[in-house]
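Everything on this sheet refers to the single structure shown next.
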Amino acid sequence: LFGPKLISIFVKNGTHFSLWPFLTLALVYPFFMTVNRILLYYYRNEGNIKKYATLNVSTLLLITTGSVIGVVTLNKGAEGAVEGRTIGFCGVLLFFIFYEIKKLGITYDKNIAKTLLKMGGPLFLSTLIGSLAYISDRVIIEQSGTLEMLGIYGFSVTIASVIEILMAALSN
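Just so you know, our numbering puts 127 at position 99 of the sequence shown, and the rest follows in order with no gaps.
Shown next, in the form of structure tokens:
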């Protein structure tokens, strides 16, 4: 499905483009996106607005910082934007995950884990497809345009995500 012919259709220099790092990040990102949603629902249902807001704001800040570092400082273009975004996002969530595990004292039950995997599979698949669509646009824009276009697009997406977070918070 993701062969060289498909890549060469969308990417100007498809012969020089390796898909494996992109697919790896595209698998990691949905996992952490699912965890992010779970934590946000948990904080909202507990009425813990401070943690809800802290998770949203810190995620936004580290995603933006990671993207800027990847593109500007490391000069890696769209690949740097995707890697920086993923590392920033995962870093914030790992902090919150370890904090909650320590606080709650979570244990592992094999039967419950099987049930959760069956029920969470569609959510993971949906998030995976959304993440592929969400981060593939940067690679396509970099290959078909300039870094200036990528920077403007990335900034616009960041502004739109702030509005999206605000609207999601108001709708809940």
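In this text, a Cβ means the ideal position worked out from N, Cα and C, and glycines have one as well.
Taking I187 as the centre and dropping the five residues before and after it, the same chain places no C-beta closer than 8 Å to its C-beta. Counting along the chain, G116 sits inside the alpha helix (DSSP H) bounded by residues G105 to L132. In this structure, F152 lies away from F60, with their beta-carbon atoms at least 8 Å apart.
A Cβ-Cβ distance of about 7 Å is found for the pair L88 and S189, placing them in contact under the 8 Å criterion. A contact between stretches requires three or more CB pairs, one per stretch, nearer than 8 Å, and the stretch 121–135 fails this requirement with the stretch 103–111. Excluding five sequence positions before and after G182, the CB atoms of its chain that fall closer than 8 Å to its own CB belong to S95, V99, A109 and R166, given in chain order. Pairing T174 with S184, the inter-Cα distance amounts to about 15 Å.
Out of E170, N76 and L68, the CA that lies nearest to the CA of N84 is found in L68. Note on geometry: alpha-carbon atoms of G149 and N64 lie some 16 Å from one another. A Cβ-Cβ distance of about 11 Å is found for the pair T114 and Y162, leaving them out of contact under the 8 Å criterion. The C-alpha of G112 is placed about 23 Å away from the C-alpha of I66. Here the alpha carbon of K142 sits roughly 26 Å from the alpha carbon of E74. Between I168 and M177, the CB-CB gap reaches or exceeds 8 Å. Assigned with DSSP and collapsed to three states, L90 falls in helix.
In the DSSP annotation of this structure, the continuous segment of the alpha helix (DSSP H) that includes G149 starts and ends at K138 to S172.
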